[in-house]
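Numbering (mature numbering (1 follows the signal peptide of the UniProt record, and there is no 0)), first residue to last: -19 to -1, 1 to 118.
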């Protein structure tokens, strides 16, 4: 956990930079979500998500409820994003559970899939507060 202060410092600097431009870069989004993500979990209960956000070629934010989100690190880059927001397909999802190191994710346009390497819970309220603080600056 020695790197935690550095991650928090980087997140703070990234948020300050983002506030001045108005739009979050992939690096800024990853810093924001990572700074409010908990320890990795092996699997999560999975139903059809209510939304998702591409962070970069190796990370997605999967929202399963209004107050529940998960930071996924994938084995990409292997997603065909195409320029528009594509549909994502997560498979095989066995027994209503999404598992790291087992389940895969892809876009319908892509012939290859990415393995989900890591799943971390995200504190949605803290992310909202961080965004509001950035907007206020």
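All C-beta atoms, glycine included, are put in the ideal place defined by N, C-alpha and C. Given the structure is predicted, the values throughout are model-derived calculations rather than measurements.
Ordered list of beta strand (DSSP E) runs contained in the segment 12 to 53, each at least 3 residues: Listed in chain order, the complete beta strand (DSSP E) runs (minimum 3 residues) inside the segment 12 to 53 are 24 to 26, 32 to 37, 40 to 46.
Report the rounded CA-to-CA distance for residue 110 versus residue 18, giving the unit in angstroms. For the purposes of this step, residue 110 is taken as the residue at position 129 of the chain shown. For the purposes of this step, residue 18 is taken as the residue at position 37 of the chain shown. In a straight line, the C-alpha of residue 110 is about 14 Å away from that of residue 18.
Check whether residue 25 and residue 100 have beta carbons under 8 Å apart: The residue labelled residue 25 in the question sits at position 44 within the chain shown. The residue labelled residue 100 in the question sits at position 119 within the chain shown. Residue 100 is positioned such that its CB atom lies closer than 8 Å to that of residue 25.
In the DSSP assignment, find the unbroken alpha helix (DSSP H) run with residue 78 in it and report its ends. Mapped onto the chain shown, residue 78 falls at position 97. No alpha helix (DSSP H) contains residue 78, which is instead part of the beta strand (DSSP E) from 78 to 80.
Please report the distance separating the alpha-carbon of residue 103 from that of residue 10. In the chain shown, counting from the first residue as 1, residue 103 sits at position 122. In the chain shown, counting from the first residue as 1, residue 10 sits at position 29. So the two alpha carbons sit approximately 13 Å from each other.
Where DSSP assigns a beta bridge to residue 113, which residues make up the other side? Counting from one through the chain shown, the residue named residue 113 turns up at place 132. For residue 113, DSSP assigns no beta-bridge partner whatsoever.
Taking the alpha carbon of residue 46 as the reference point, which residue from 54, 32, 39 has its own alpha carbon closest? For the purposes of this step, residue 46 is identified with residue 65 of the chain shown, where counting begins at 1. Measuring C-alpha to C-alpha distances from residue 46 to each of 54, 32, 39 identifies 32 as the nearest.
In the structure shown, what three-state DSSP assignment does residue 68 receive? Position 87 of the chain shown, counting from 1, holds the residue named residue 68. Residue 68: coil per DSSP, three-state reduction.
DSSP puts residue 4 in a beta bridge; with which residues? Counted from its first residue, the chain shown places residue 4 at position 23. The beta-bridge partner set that DSSP reports for residue 4 is empty.
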